[in-house]
Amino acid sequence: MEQVRFAVHLRLFWALSQASKVTTAVFILSFFCGGGLLLLSATSLRWTNLRIWPPDELGTWKYHAFWWPFRALVMGTCMLSVIDYRSAGALPTPVFAIGWVLLVSGFGLAFYITRKLGWRDAHGEAGTLKTTGWYGWSRNPIYVVTICGLVGLALVTHSLSVYPLVTIWALLYLLAPFLEEPWLERQFGQQYEEYARQVPRFIGIPHREGK
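Numbered per this note's numbering, the sequence shown spans residues -17 to 193.
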């Protein structure tokens, strides 16, 4: 009986150690991919020749240089939300409930608005300038609601490995508009300049000229 119990404990210890290795590997990969993107994005505000977002064209090296690391960040965050769930313990029930509300509503709205915008426009390909609906209240509604969803994800998972990744993800979304605005001005000219004067970058009260 003791031998059986020892074997069970040994297998459990081995499984936990393997899970820990996977968690560490996923975190390191996701952290460096996301952190590298964040550093490059911040740097490209000063040195525009380093800019990789928005991409010039679909399939270019800049397109892949952004999307593959970003996908690694997103997939890593999702994986760690499961395998490292509540590694920091459990939060009070009201906080947990608020987290779920933010998680579901934030990512649900992000998906809905992205569909309304069109996947091509949302992925950085030139299209038409959207100024109505959600875009009549914020120039970057997808970023705003996704950040709300990320706060919810952090509260629900309460994971020591998820917190840094959602922080990087949120910072990327806060930084993205400053990279996109010069590109949008070149694409749409005066139309975008007028839109930017009337509608806040993130949240606020739209100012309609003449009203």
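Ideal Cβ placement from N, Cα and C applies to all residues, glycine included.
Computed from a prediction, not measured in an experiment: that's the story for all the values here.
Check	Outcome
Span separating the alpha-carbon of Phe78 from that of Tyr45	37 Å
Enclosing alpha helix (DSSP H) for Phe78 [first to last residue]	75 to 99
Touching by the beta-carbon criterion (3+ pairs, under 8 Å), the stretch 80 to 97 and the stretch 124 to 134	yes
Between the CA atoms of Thr59 and Leu137 - distance to the nearest angstrom	13 Å
Beta-carbon spacing of Leu84, Val133 below 7 Å	yes
Same chain, Cβ closer than 8 Å to Phe160, neighbours up to 5 away in sequence not counted	Leu27
7 Å Cβ cutoff met for Ala54 and Ser12	yes
Euclidean distance between Cα positions of Val70 and Gly81	As written in the sequence, residue 70 is Ala, which differs from the Val given in the question. C-alpha separation (whole angstroms): 15 Å.
Rounded C-alpha distance that separates Gly118 from Val181	7 Å
Residues near Arg183 in its chain [Cβ-Cβ closer than 6 Å; skip 5 each side]	Arg121, Pro159
Which of helix, strand or coil DSSP assigns to Ala(-3)	Its pLDDT being 40, under 50, Ala(-3) is placed unreliably by the model, and nothing is read from it.
Host alpha helix (DSSP H) of Pro164 (start-end)	144 to 170
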